[in-house]
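Reading through the structure tokens given below for one structure.
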Amino acid sequence: MCVGNYSFLFFFTTIKKNFRRCIVFNAIKMERKIRVRFAPSPTGPLHIGGVRTALYNYFFAKQHGGEMILRIEDTDQTRFVPGAEEYIIEALKWLGIKFDEGVGIGGNYGPYRQSERKPMYKQYADQLINTGWAYYAFDKPEELDAKRKEFEAQKKTFQYDCNTRSGMCNSLTLPAVEVERRISSGEPYVVRFKFPADTEIRVHDLIRGEVKMNSNLLDDKVLFKSDGMPTYHLANIVDDHTMEISHVIRGEEWLPSAPLHVMLYKAFGWEDTMPQFAHLPLLLKPDGNGKLSKRDGDRLGFPVFPLEWHDPKTGEVSSGYREKGYFPEAVVNILAFLGWNPGVEQEIFSIDELVKIFSLDRISKSGAKFDVEKAKWFNHKYIQAKSDEEITAIFEKDLAERGINAKHDYVLQVVALMKERVSFVSELWEQTTYFFQAPTEYDPAVIKKRWKEDTPAHLTEIRKIVETTAFEKQTLHDAVMGYIQGNELNMGQIMNSFRLTLVGAAKGPDLFELISMLGKDETIARLQKGIETIKQI
RNA sequence: GGCCCGUUCGUCUAGUUGGUUAGGACGCAAGAUUUUCAUUCUUGAAAUCAGGGGUUCGAGUCCCCUACGGGCUACCA
55 MCVGNYSFLF FFTTIKKNFR RCIVFNAIKM ERKIRVRFAP SPTGPLHIGG
105 VRTALYNYFF AKQHGGEMIL RIEDTDQTRF VPGAEEYIIE ALKWLGIKFD
155 EGVGIGGNYG PYRQSERKPM YKQYADQLIN TGWAYYAFDK PEELDAKRKE
205 FEAQKKTFQY DCNTRSGMCN SLTLPAVEVE RRISSGEPYV VRFKFPADTE
255 IRVHDLIRGE VKMNSNLLDD KVLFKSDGMP TYHLANIVDD HTMEISHVIR
305 GEEWLPSAPL HVMLYKAFGW EDTMPQFAHL PLLLKPDGNG KLSKRDGDRL
355 GFPVFPLEWH DPKTGEVSSG YREKGYFPEA VVNILAFLGW NPGVEQEIFS
405 IDELVKIFSL DRISKSGAKF DVEKAKWFNH KYIQAKSDEE ITAIFEKDLA
455 ERGINAKHDY VLQVVALMKE RVSFVSELWE QTTYFFQAPT EYDPAVIKKR
505 WKEDTPAHLT EIRKIVETTA FEKQTLHDAV MGYIQGNELN MGQIMNSFRL
555 TLVGAAKGPD LFELISMLGK DETIARLQKG IETIKQI
């Protein structure tokens, strides 16, 4: 009874205290400067899932007039890949994601590369040891492996936690002098977090709400490695705190370690300035299930990386959106809509519009599969919206590579006429070849269908018309129509075979449009060549 | 195995005080336009809201269970 009353009172005061703190806490949050970070690891090219994370961070920061920071998390020296950091920076730049601070930019909270921050982490590990939130562990990797095998043999899983730490080799089980001796003699050690037993840890996630976990199930994660570097867990908390990060927006794969991170803020006494968390749903592979991985892209015909990547070790090349002909604005738009939706029917948004309309609470909880067809459609929309000049500039490079010399105005006309028919500038050439080169072969299916016995005779007459009529679109049109009507022919009989001689296939724009662009001599030459070489099938 | 997260047309999704013929987009099909192919436009098919229980006059929307999927489970991030 007495105990009951007491605990009730305790419970009540705790609530009151928490309530008050909550209010203060929120007040701080409201006034707090929005600062977010994108923190990739330079272990390879940036995955589009990572790009989307960067994008959402960017939208959020810019919308709130906050700052966007680029931090490079290179605490694992064994996984360092040369060129990866440069790749990340270039990719983000290509997409138009601008940073206010970070690697390559600078700022007041630097350095922004964790390897360069190395000297500052140890004191934090020490602080945790001194306050009893962490301990030294001397277990060798082989010993841990042996332990895992031993548990496995009993169909159990070994976890270094509050239940097993007492049976391991650490500063909790060794006498203080021995711990001292080992450290001073240079014996390798790690620092592990000491999870308190039987504690419910709540993580408030902006997307998923409250996520609860019991500390008994969590393992004593290594915070500080024997090579003198912190692990991600320690480094990210220390850095987010010292860089005054207000919101951590990252992938869902981090959700299981979020309780550890929350506990670390508590252990350091930084609860009041702890950032708010938002764990983004994963990007899934289009077929089947599972996280989108490096191999899926080229297997299914779409890039997984923003830029083409040449693996320095294997020499393997992975395709990129940029090289595939996607516009950066389109990629931004595509990615923005994978896991987020503005709730309006409009789907085409510029990056600045996305900044205005984006909101964390409209992010979905479930993973999204990448749809190549929809991605193409987005690019198609962007190619249509872009100016003829802009598309021409890109197309001219393609033409130059193919050894095609054409006047700028001519290419511009071709682009104006044809750009809305393609999804990528790279598709333009195969749709417009006949504007630059006379056909060298004729589609047999079209010959069979359209090339009749009397076709050469009619086309010879048409050639005469082209030769003698004023070379102007409408005039030619009227003249040809006059011939067709005068001889009681069908439009299709003449127009399709005529087209075949000029294009070589049953495709292309309005015929008189094409004729006026090709010019009189070229039109006559193609017509004549067709008359002479196309044989009825 | 354990823990956590998720589940609306094939795909991305709308649905946010429980009352909708469950809406849109991509893709697909048909039609229209055109001299062809595309574009464009119109129309259509397409979700028993994973399944089962509750709560309620009424549930895609709230609760529980199950199934399935995914993530994590390193001195990786």
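Following my numbering, the numbering of the first sequence begins with 55 at its first residue and continues without gaps.
Note that CB positions come from ideal geometry on N, CA and C, so glycine has one too.
Treat the numbers as computed from the prediction; the structure is a model and nothing was measured.
Straight-line gap, residue i to residue j (C-alpha atoms, nearest Å)
{"i": "P284", "j": "A332", "result": "24 Å"}
{"i": "G137", "j": "N550", "result": "54 Å"}
{"i": "I417", "j": "G393", "result": "6 Å"}
{"i": "E526", "j": "V520", "result": "10 Å"}
{"i": "G141", "j": "L271", "result": "Correcting the residue identity first, residue 141 is Tyr in this sequence and not Gly. Roughly 38 Å separates the two Cα atoms."}
{"i": "K451", "j": "E444", "result": "12 Å"}
{"i": "H295", "j": "F449", "result": "48 Å"}
{"i": "E401", "j": "F552", "result": "41 Å"}
{"i": "V468", "j": "L581", "result": "21 Å"}
{"i": "P173", "j": "G397", "result": "47 Å"}
{"i": "I578", "j": "D532", "result": "17 Å"}
{"i": "K152", "j": "S404", "result": "15 Å"}
{"i": "E206", "j": "F478", "result": "54 Å"}
{"i": "L466", "j": "F424", "result": "34 Å"}
{"i": "W324", "j": "V292", "result": "10 Å"}
{"i": "A179", "j": "F391", "result": "41 Å"}
{"i": "E243", "j": "G160", "result": "The residue asked about is misnamed: residue 243 is Tyr in this sequence, not Glu. So the alpha carbons of these two residues sit roughly 34 Å apart."}
{"i": "P382", "j": "E455", "result": "22 Å"}
{"i": "Y214", "j": "K275", "result": "8 Å"}
{"i": "I548", "j": "I538", "result": "7 Å"}
{"i": "R376", "j": "V265", "result": "39 Å"}
{"i": "D415", "j": "L260", "result": "7 Å"}
{"i": "F192", "j": "G120", "result": "43 Å"}
{"i": "V328", "j": "M297", "result": "First, the amino acid is wrong: residue 328 is Met here, not Val. Computed Cα separation, rounded: 12 Å."}
{"i": "L543", "j": "E576", "result": "25 Å"}
{"i": "K147", "j": "V157", "result": "13 Å"}
Among the options, nearest to residue i - alpha-carbon criterion
{"i": "E473", "options": "Y488, Y436, G536 and L513", "result": "Strictly speaking, residue 473 in this sequence is Lys, with Glu absent from that position. For the residues Y488, Y436, G536 and L513, the minimum Cα distance to K473 belongs to Y436."}
{"i": "I183", "options": "Y163, K194 and N224", "result": "N224"}
{"i": "K561", "options": "T487, T587 and L530", "result": "T487"}
{"i": "T97", "options": "V469, E139 and R89", "result": "E139"}
{"i": "R86", "options": "D442, E542 and S300", "result": "S300"}
{"i": "K419", "options": "P242, D575 and R262", "result": "R262"}
{"i": "I123", "options": "L100, V135 and Y163", "result": "Y163"}
{"i": "N111", "options": "I88, I569, T132 and H101", "result": "I88"}
{"i": "S311", "options": "L277, V385, D341 and W505", "result": "L277"}
{"i": "N217", "options": "S477, Q438, M535 and D273", "result": "D273"}
{"i": "L389", "options": "G369, E399, P357 and T368", "result": "P357"}
{"i": "I143", "options": "R133, R202 and E155", "result": "E155"}
{"i": "V135", "options": "A108, L100 and A145", "result": "L100"}
{"i": "V426", "options": "K440, V385 and N290", "result": "V385"}
{"i": "W505", "options": "T211, E586, K378 and N343", "result": "E586"}
{"i": "Y190", "options": "K201, R219 and D199", "result": "R219"}
{"i": "F489", "options": "R236, K428, S570 and D415", "result": "S570"}
{"i": "V105", "options": "D350, K176 and A145", "result": "A145"}
{"i": "K248", "options": "E232, V231, F322 and D281", "result": "F322"}
{"i": "L471", "options": "Q491, A492 and S441", "result": "S441"}
{"i": "S169", "options": "E232, T132 and G546", "result": "T132"}
{"i": "D352", "options": "N290, G374, F212 and T368", "result": "G374"}
Nearest-angstrom beta carbon gap, residue j and residue i [assumed within contact, 8 Å]
{"i": "Q590", "j": "E507", "result": "6 Å"}
{"i": "L354", "j": "K345", "result": "Actually they do not touch by this definition, with Cβ atoms about 14 Å apart."}
{"i": "I102", "j": "P360", "result": "7 Å"}
{"i": "T529", "j": "T522", "result": "With 8 Å as the limit, T529 and T522 do not qualify as a contact, their Cβ atoms being about 11 Å apart."}
{"i": "G584", "j": "T555", "result": "3 Å"}
{"i": "E362", "j": "S372", "result": "7 Å"}
{"i": "Q485", "j": "R475", "result": "6 Å"}
Near the ligand HEM: residue i beta-carbon under 6 Å from a heavy atom
{"i": "Q400", "result": "This structure simply doesn't include the ligand HEM, nor any ligand for that matter."}
_Going residue by residue through the region 96-157, where are the continuous alpha helix (DSSP H) segments of at least 4 residues, counting only ones entirely within it?_
102-117 and 138-149
*How do the region 431-440 and the region 459-466 stand: do at least 3 beta-carbon pairs fall below 8 Å, yes or no?*
no
*Could you say if the region 318-338 and the region 300-308 meet the contact criterion of at least three C-beta pairs nearer than 8 Å?*
yes
*Just list the alpha helix (DSSP H) runs in the region 392-449, keeping only unbroken ones of 4 residues or longer that don't cross its boundaries, in chain order.*
405-411 and 426-439
*Below 8 Å, can you find three or more Cβ-Cβ pairs linking the region 311-319 to the region 255-265?*
yes
*Mind listing, in chain order, the continuous alpha helix (DSSP H) runs of no fewer than 4 residues lying wholly within the region 310-398?*
312-322, 348-354, 375-378 and 382-390
*asked:* Count Cβ pairs between the region 115-123 and the region 405-414 that sit closer than 8 Å; are there 3 or more?
replied: yes
*asked:* Counting beta carbon pairs with one atom in the region 127-134 and one in the region 85-95, are three or more of them shorter than 8 Å?
replied: yes
_3 or more residues per run - each beta strand (DSSP E) lying fully within the region 259-300_ = 263-268 and 276-278
*asked:* Extract the residue ranges of the beta strand (DSSP E) inside the region 194-244, only unbroken runs of 3 or more that lie entirely within it.
replied: none
*Length at least 4, wholly inside the region 548-586: the alpha helix (DSSP H) runs in chain order*: 565-572
*Do the region 563-574 and the region 495-504 make contact, defined as three or more Cβ pairs closer than 8 Å?*
no
*What are the uninterrupted segments assigned as alpha helix (DSSP H) that are 4 or more residues long and contained completely in the region 473-528, given in chain order?*
482-490, 498-504 and 509-522
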